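Just so we're aligned, residue 1 is where the sequence shown starts under the UniProt record's numbering, counting upward by one. Shown next, in structure tokens, is the structure this report addresses.
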Amino acid sequence: MNPFQPSPEACHCCGATPTTPLFIHTICYRTINRRFCTNCVLKQQQGTFCPICFELFDDSFIPNLHLMCIRCPSIAHRSCVLPSSTPDFAFLCPPCADPNFSYFKIDRRTIDFHANKVLAAAAQISANTLTRAATAIRLDAERRAMIAVGARKRAVEALELFADLVAKEQEAASISSEQEDNSGTQNSESESSD
């Protein structure tokens with residue numbers, strides 16, 4: 001598929017059909033790759049980025065520098081929330097404050113600075129989910145490879161044991177046939193001497 005052609009797939013969440021491939025992202029969700037528009041990526045990944053400046057959070061979370069929305073798991077930098085606009089305990093993120101809110105509104109002719117930040121945040125979230133999925137798949141493949149190596153080793157040992165048993169059985173059979181031949185020869189010699 002040509003990356004510069006519009007993707008034929010629609011968003012799995014809202015059903016929006018993209019007009020350009022830049023606005024649909026692949027997200028790995030419970031080991032399944034799904035396609036989401038920028039707005040749905042950000043709505044589903046609340047708490048992983050600041051809904052005001054769109055900076056993604058890393059693993060180090062410092063509670064006194066962040067505010068959590070009182071309605072959803074969205075977290076904002078304290079410095080991004082205007083101090084005079086809301087007290088600490090009553091922070092509402094933009095989607096909760098406005099039911100018609102959309103993270104990604106653009107004029108189809110240009111992408112402004114805000115839309116660029118939103119698009120970059122959604123793309124980074126997408127890349128992070130795919131990286132985590134690739135790491136999980138690699139670890140699973142390594143685990144399965146170790147299991148296969150152990151199974152192969154046990155199979156080789158079982159084949160060697162089987163080959164030893166067959167060899168011992170053949171040896172026992174040849175010894176018993178020699179003994180029968182020898183006893184048959186002795187019986188025929190004793191009959192001929194009588």
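Cβ atoms here follow ideal geometry from the backbone N, Cα and C, with glycine treated the same way. Please read these numbers as outputs of a predicted model, since none were measured by experiment.
| request: State the CB to CB distance for the pair S126 and N39, rounded to an integer number of angstroms; the pair is presumed to be in contact (CB under 8 Å). | output: So it is not a contact: roughly 13 Å between Cβ atoms.
| query | What residue from H25, C37, A97 and N33 has the CA that sits closest to C14's CA? | reply | C37
| message | Let's test the definition: count the other Cβ atoms within 10 Å of the Cβ of S79 and tell me whether it reaches 16, buried, or not, exposed. | response | exposed
| message | For the structure I just gave you, are there three or more beta carbon pairs, one from the region 126-143 and one from the region 25-35, closer than 8 Å? | response | Yes, since at least three Cβ pairs between the region 126-143 and the region 25-35 fall closer than 8 Å, the two stretches touch.
| request: Drop a sphere of 10 angstroms on the beta-carbon of I75, count the other beta-carbons inside from all chains shown, and report buried for 16 or more, exposed for fewer. | output: buried
| Straight-line CA distance for D181 to L165? | 24 Å
| task | Look at the alpha carbon of A148 and the alpha carbon of F113, and state the distance between them as a whole number of angstroms. | result | 52 Å
| Using the beta-carbon count (16 or more within 10 Å), is A173 buried or exposed? | Flag for A173 reads exposed.
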